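Every number in the numbering used here is 2 more than the matching position in the sequence shown, counting from 1. Just so you know, even glycine gets a beta-carbon here, dropped at the ideal spot from N, CA and C. From a predicted model like this one, the values you see are computed outputs, not experimental measurements. Notes follow the structure.
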Amino acid sequence: MRFDILTIFPEMFSGYFQESIIQRAVAGKLLDIRVHDLRRWAAGKHRKVDDKPYGGGPGMVMQVEPFYEALKTLKAGAKGDRVILMSAKGKPFSQKEARRLAKYKRLVLLCGRYEGVDERVARHLADEELSIGPYVLTGGELPAMVVVDAVARMVPGVVGKAASIAEESHSEEGVTEYPQYTRPEIFTPKKGKVWRVPKILLSGDHAKVAVWRRSKMKRS
Ligand SMILES: C[S@@+](CC[C@H](N)C(=O)[O-])C[C@H]1O[C@@H](n2cnc3c(N)ncnc32)[C@H](O)[C@@H]1O
3 MRFDILTIFP EMFSGYFQES IIQRAVAGKL LDIRVHDLRR WAAGKHRKVD DKPYGGGPGM
63 VMQVEPFYEA LKTLKAGAKG DRVILMSAKG KPFSQKEARR LAKYKRLVLL CGRYEGVDER
123 VARHLADEEL SIGPYVLTGG ELPAMVVVDA VARMVPGVVG KAASIAEESH SEEGVTEYPQ
183 YTRPEIFTPK KGKVWRVPKI LLSGDHAKVA VWRRSKMKRS
């Protein structure tokens with residue numbers, strides 16, 4: 003699956019995407035992640051991508067032209083593409099949305115900054131707006147990383163064992179995973195304190211373990 007990310011801070015992505023599961027999936031050609039500097043499509047010597055808001059008000063607003071030109075160069079809009087504007091006003095992102103988006107061939111993620119993005123980007127260029135939560139961040143870069151990460155995990159082969167994504171939190175809506183434990187069986191953080199692994203997990207009785215796990219899954 004391919005991701006194209008449009009941002010004025012492309013460097014922010016290198017650390018995250020060059021580690022662990024995402025890096026392995028890129029190396030294994032399961033994912034193709036391309037981060038583009040939006041200023042490449044900005045006009046003028048100063049490569050300005052923002053301007054003052056019409057009607058007045060604080061801060062600056064990102065202009066429509068650089069996004070328009072960038073999407074034209076990237077030939078975004080072909081069958082199998084989905085153009086998504088990261089926005090605090092958008093539809094809430096969830097595991098269900100991640101599963102839906104993993105069916106596209108390519109996601110093009112647009113990262114806003116400053117006071118936001120000229121509304122014509124949402125109206126005419128993006129297929130949808132997504133929010134990663136009810137709070138305001140300084141830019142769309144962290145939201146884009148969140149979307150890439152969650153969607154990438156749904157791409158067959160990216161996460162080692164299919165079972166681990168089938169059973170984890172939110173794979174069923176409103177249900178979160180059972181508690182997990184690993185060695186040591188008994189942990190003593192300080193004298194007189196003992197933290198034990200529940201006995202049932204040490205019993206070797208898979209049927210009982212499965213019943214216990216189901217009982218510990220949380221439903222909202
Ligand atoms: C400072 S925010 C702009 C907030 C905007 N003035 C508002 O009140 O909705 C700058 C950019 O960060 C991104 N952003 C901020 N919070 C976000 C969130 N919760 N989900 C997705 N993107 C977000 C968007 O791309 C946005 O254009």
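Here the C-alpha atom of P158 lies approximately 20 Å from the C-alpha atom of E175. Under the three-state reduction of DSSP, D6 is assigned to strand.
The C-alpha of K195 is placed about 58 Å away from the C-alpha of V51. Burial state of V138 is exposed, judged by a 10 Å Cβ sphere holding fewer than 16 other Cβ atoms. The DSSP assignment places complete beta strand (DSSP E) segments of no fewer than 3 residues inside the segment 41–99 at 83–94, in order along the chain.
For L109, the uninterrupted beta strand (DSSP E) segment begins and ends at R108 to L112. Inclusion of V119 and F69 in the CB contact set at 9 Å is warranted, their separation being smaller than that value. Taking 8 Å as the cut-off, the C-beta of I10 does not count as close to any heavy atom of ligand 1. Where E131 is concerned, the enclosing beta strand (DSSP E) starts and stops at E130 to S133. Leaving aside the five residues that flank T190 on each side, the residues in its chain whose CB is nearer than 7 Å to its CB run, in chain order, V196. Of the heavy atoms belonging to ligand 1, at least one sits nearer than 8 Å to the Cβ of I134.
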